[in-house]
Amino acid sequence: MKFPFDPLDYKLDSQTGVWSRSGYRGIAYSDGNEVEQRIAAIVEQAHALTVLSAELSRQCTDWPSLYHLSGTRANILRPFHDILKGADVLEVGAGCGAITRYLGECEARVVALEGSPRRAAITRLRTRDLPNVLVVSDRLDDFTWDQRFDVITLIGVLEYANLFVSGSNPALALLEQAKARLKPNGTLIIAIENQLGLKYFAGAPEDHLGQPMYGIEGRYRKDQPQTYGRKTLSDLLRQAGFARSEFMAPFPDYKLPVSIVTETGFSCEGFDAAALAWQSAKRDPQLPNVLAISPELVWPILAQNRLALDLANSFLVVAGALSGQKPDLSVLAWHFTGERSGPYCKETRFSLTDRGSVEVRCHPLAPGSPKHARGRLVTFAMPEKAEYAQGSLLSQELIRIVTRDGWLMEEVGSFLKTYLRFLGSLDASGDTPLSIDSAESSISGRYLDLIPQNIVVGPDGAWRAIDQEWTWNENIPAGWLIFRSLHALIQTVTRFGQPAGAFANTPIGFIHAAFKAMEFSVTESEIETYVNLESELQAEVSRRPLKNADFLHWLHSTPLPLQNLTRAVADRDIQIARLTDELVRWGERVARLDKIIAERDGLIGSLNQALADRDRQFTRIFESFSWRATKPFRLLRRIRNTSVSILSQAFNNFLKHPSLFPFKEIREYLSLRNNSLFDRVFYSRCNDDLSASGLDPAWHYVLYGAKEGRKPNPLFDSAWYLSQYPDVAAAGINPLAHYLSAGASEGRKPGPLS
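According to the working numbering, the residues represented by the sequence shown are 83 to 836, in order.
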């Protein structure tokens, strides 16, 4: 394959495999260092790089990795597989290579243009085994190429024109540059968010700026990304010289589309295009938890009024310069199941036949995959062709029940009983009709896929099964089929109505209540059996198997969405008012406590002043000549009157055991007996047992009181002092004596309130 490069313009980086101009610095666009380094490491270490790589699918753990690695990204270009094969394709804005990989697998000759050198290097890593892909890091307006292209893609690029394209109308300039690089009969493919998409009216934030209502209110500035409505975008294409353009709607949007509906699909009377829209609404990973409306209820109304395409969340646009090029008007829609293991991935195409009927055709996404396969647990069958069943899905009836305020669980039970009777009517394997009278009833494994989401109610009211791909290789309990039906319902509904009855507001609470309404008894153990069966099924058919622990956590811990945006705002206002009242009450409580603290501080100040006055008075007395002259007599009298028995016993003990004589206690007693911090009156009043002991209060405190945590005055806490200062307790020193001799000068506190 020849790539017409001028070697004077571009050089190949031997380490990254990316072509760029000498000194090219790149554009200011990035998902952040951590994200892009992580994506680069994942791709570099991967062995399987294909679009349907299970290895890369398992690495999709958050939005950035899902966006850059998911095979679902490629669905946006699958309708154009035939025109891409062997074509010269310029991909503008290759990102990290998710779309580039698909273009390469289509056997196109691909030039992937990416303004960010680091992202270009990741694209080259993702396509390192594809020699038909060349990666260039450059800006489109500076890019030089000797040849024109059959196809140019702008997937998620046009909205950034304001940031990276110069001129008074950057979006128009970008489209004109693309047209100039196309062959005369070339095709431009654009994927972009719709400025007027339904999800933005529902309250979803604008994708690039993160603010709700930003786009639909037209608040874009000239230095910001900008999206467009259908008419504005159509006018831009016409001004850029594209004579024709066909708009299609990818659902839930262009980033991770599972369905794509054409203009013909929306206008075809016998085709329910809205079903593809509403069934995928909750599969948008960027959809907020609380919405102003329920998209699954709105899409059918929009389709009835021919507004679904104008309000699609995204557009897929095919444009050409020649007016004579006609799109294939027979195709109504495509639906893709690409999250399964490779052999089970398929594309379903809905087309209008020459007779005016709708035809359904399926084929595998992975080349060479069989259309019939028997696995360890399930058998897969993909019919190549089927007749389209007109009508509405049975699951819509159940959705209408649970999304209405005041709904009853008995209504759900009645619906499920009717559904089970339909299953019984289908059984023709024996003389006795199938009877399902309990959750334990054993039914054929061929019913595995026969959930309400795969049953169409025709215009005449008759029920018809569709899309029956899977058969469990053994019989299954009827309870599992009901469980699967309810699980699929919960995964589809964006908001449940407020129920009239009470049940635990979790998936498991809803499921238990539904079984009870059917008069079916199921235990927690049986629910776990259904979870195990579902996990085993997913492990066999999915690229991202379901873990039991995660499934059980979801069942028991995830609240059912019961609020719309209006109700959520009202509830939040009530909560704010309640918290405001509580804050006022706390403020009043704090004010009361501040007043108490101020009064306490005033009392402490008064006591400290009184103590200081008392100390000064005692100092004057103690320093007087008469006090010093009579000191020996006072000491002898006090010792004689209050401590004769103790001193006598102490003297006898001293004679027997001189080492045990309480010299320390006597010293402590002498230091405290007349000190103003030992309040004799307070100590005597607080200790009723003191009078019975016959001891002097100071002596009692030295011998017993301090050890027992008794206070010598209102402000000194003996127990707190010893616990706060373990060195004092370890030394066996009386706490008040220590405070007087050393503690006060060391800044130690006499109590917790000091």
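For glycine and all other residues, C-beta sits at the position ideal for the given N, C-alpha and C. Model, not experiment: these values are computed from the prediction.
Rounded to whole angstroms, what's the CA-CA distance from L754 to P779? Just pull it up for me.
Translated into the one-based positions of the sequence shown, residue 754 becomes position 672. Translated into the one-based positions of the sequence shown, residue 779 becomes position 697. Between L754 and P779, the C-alpha separation is close to 10 angstroms.
Closest by CA to F418, which one among Q368, F497 and F432?
On the sequence shown, residue 418 is found 336 positions in, with the first residue counted as 1. Nearest option by C-alpha distance: F432.
In DSSP terms, what D170 is bridged to
The residue labelled residue 170 in the question sits at position 88 within the sequence shown. According to DSSP, D170 bridges with R191.
Excluding the 5 residues flanking D513 on each side, which residues of the same chain have their C-beta closer than 8 angstroms to its C-beta?
As a position in the sequence shown, residue 513 is number 431, starting the count at 1. Note on D513: pLDDT 44, under 50, position unreliable in the model; the coordinate value appears next. Excluding sequence neighbours, D513 sits near nothing in its chain.
Determine the extent of the beta strand (DSSP E) in which M330 is found, giving its start and end residues.
As a first step, residue 330 is located in the sequence shown; it is residue number 248 there, counting from the start. Counting along the chain, the beta strand (DSSP E) containing M330 begins and ends at R326 to F333.
Are the Cβ atoms of V193 and R206 separated by less than 9 angstroms?
What you label residue 193 is simply residue 111 of the sequence shown in a count that begins at 1. What you label residue 206 is simply residue 124 of the sequence shown in a count that begins at 1. Taking 9 angstroms as the Cβ cut-off, V193 and R206 do not qualify as a contacting pair.
Would DSSP call L475 helix, strand or coil?
For the purposes of this step, residue 475 is taken as the residue at position 393 of the sequence shown. Strand.
To the nearest angstrom, how far is the alpha carbon of P796 from that of Q645?
To locate residue 796, count along the sequence shown from 1; it is residue 714. To locate residue 645, count along the sequence shown from 1; it is residue 563. Computed Cα separation, rounded: 59 angstroms.
Is it the case that the stretch 632-644 contacts the stretch 575-585, given that we only count it when at least three CB pairs across the two stretches are under 8 angstroms?
yes
Under the DSSP definition of a beta bridge, which residues are partnered with E402?
Along the sequence shown, one-based indexing puts residue 402 at 320. It is Gly, not Glu, that sits at residue 402 in the sequence shown. T269 and R326.
Would you call the CB atoms of F283 and I375 closer than 9 angstroms?
For the purposes of this step, residue 283 is identified with residue 201 of the sequence shown, where counting begins at 1. For the purposes of this step, residue 375 is identified with residue 293 of the sequence shown, where counting begins at 1. For F283 and I375, yes; Cβs fall inside 9 angstroms.
Take the Cβ of Q657 as the centre, count every other Cβ of all protein chains shown within 10 Å, and call the residue buried at 16 or more, exposed below.
Translated into the one-based positions of the sequence shown, residue 657 becomes position 575. Looking at its Cβ environment, which holds fewer than 16 other Cβ atoms inside 10 Å, Q657 is exposed.
C427 by DSSP, collapsed to three states: which one?
In the sequence shown, the residue the question calls residue 427 occupies position 345. Coil, per DSSP.
Roughly how many whole angstroms lie between the Cα atoms of A472 and L148?
In the sequence shown, residue 472 corresponds to position 390, counting from 1. In the sequence shown, residue 148 corresponds to position 66, counting from 1. Reading the sequence as shown, one finds Gln at residue 472 and not Ala. If you take the alpha carbons of Q472 and L148, they lie about 35 angstroms apart.
Closer than 8 angstroms to a non-hydrogen atom of the ligand SAH - does that hold for the CB of H290?
Absence of the ligand SAH is noted for the structure shown, with no ligands found whatsoever.
On the DSSP bridge assignment, give the partners of A463 in chain order.
Along the sequence shown, one-based indexing puts residue 463 at 381. A463 is bridged to H454.
Between which two residues does the alpha helix (DSSP H) holding F592 run?
Taking the sequence shown and counting its residues from 1, one reaches residue 592 at position 510. Counting along the chain, the alpha helix (DSSP H) containing F592 begins and ends at P589 to A599.
Start-end ranges of the beta strand (DSSP E) lying completely within the stretch 88-118, minimum 3 residues
none
When we look at the beta-carbon of I29 and count the other beta-carbons within 10 Å, is it buried (16 or more) or exposed?
The structure shown does not extend to residue 29, since the chain is modelled only from 83 to 836, so the question has no answer here.
Have a look at the DSSP bridge pairing and note the partners of A547.
For the purposes of this step, residue 547 is taken as the residue at position 465 of the sequence shown. I537.
Residues near S758 in its chain [Cβ-Cβ closer than 7 angstroms; skip 5 each side]:
Within the sequence shown, residue 758 is the residue found at index 676, counting from 1. The answer, listed in chain order, is L693, R696, D697 and F700.
For A190, I'd like the list of residues in its chain whose CB is within less than 8 angstroms of its CB, leaving aside the five on either flank, ordered along the chain.
As a first step, residue 190 must be located in the sequence shown, where it is residue number 108. Closer than 8 angstroms at the Cβ level, and outside the excluded window around A190, lie L166, K167, G168, A169, D170, V171, N214 and V233.
Cα-Cα, which of C427, V413 and L628 is closest to E441?
One-based indexing of the sequence shown puts residue 441 at position 359. Per the Cα distances, V413.
What is the DSSP secondary structure of C768, counted as helix, strand or coil?
Within the sequence shown, residue 768 is the residue found at index 686, counting from 1. Residue state, collapsed to three classes: helix.
Do you know how far the Cα of G687 is from the Cα of F736?
As a working note, residue 736 is residue 654 in the sequence shown. As a working note, residue 687 is residue 605 in the sequence shown. Because the pLDDT of F736 is 48, which lies under 50, any placement of that residue in the model is unreliable, and the question is left without a value.
Beta strand (DSSP E) containing H417: first to last residue?
To locate residue 417, count along the sequence shown from 1; it is residue 335. Its beta strand (DSSP E) spans residues V413 to T419.
The stretch 302-312 touching the stretch 238-255, judged by at least three CB pairs closer than 8 angstroms:
yes
Three or more beta-carbon pairs under 8 angstroms between the stretch 439-454 and the stretch 320-327, yes or no?
no
Taking C-alpha atoms, which residue in S349, G292, D366 and D354 lies nearest to T574?
Taking the sequence shown and counting its residues from 1, the one referred to as residue 574 is at position 492. Of S349, G292, D366 and D354, the residue nearest in Cα terms is D366.
Determine the DSSP secondary structure at I656, reduced to helix, strand or coil.
What you label residue 656 is simply residue 574 of the sequence shown in a count that begins at 1. Residue state, collapsed to three classes: helix.
Would S327 and V399 qualify as a contact pair, given that the criterion is a beta-carbon distance under 9 angstroms?
For the purposes of this step, residue 327 is identified with residue 245 of the sequence shown, where counting begins at 1. For the purposes of this step, residue 399 is identified with residue 317 of the sequence shown, where counting begins at 1. A contact, by the Cβ cut-off of 9 angstroms.
Tell me the DSSP secondary structure of V666 in three-state form.
Counted from its first residue, the sequence shown places residue 666 at position 584. Three-state DSSP puts V666 in a helix.
Run of the alpha helix (DSSP H) containing W562, from where it starts to where it stops
Taking the sequence shown and counting its residues from 1, the one referred to as residue 562 is at position 480. A560 to I572 is the extent of the alpha helix (DSSP H) around W562.
With DSSP as the reference, identify every bridge partner of Y444, one or two as the case may be.
One-based indexing of the sequence shown puts residue 444 at position 362. According to the sequence as given, residue 444 is Cys; it is not Tyr. Its beta-bridge partners are T430.
Pair within 9 angstroms by beta-carbon distance, S102 and Y92
Position 20 of the sequence shown holds residue 102. Position 10 of the sequence shown holds residue 92. Yes.
What residue range is occupied by the uninterrupted beta strand (DSSP E) comprising F231?
Against the sequence shown, residue 231 aligns to sequence position 149. Residues F231 to I237.
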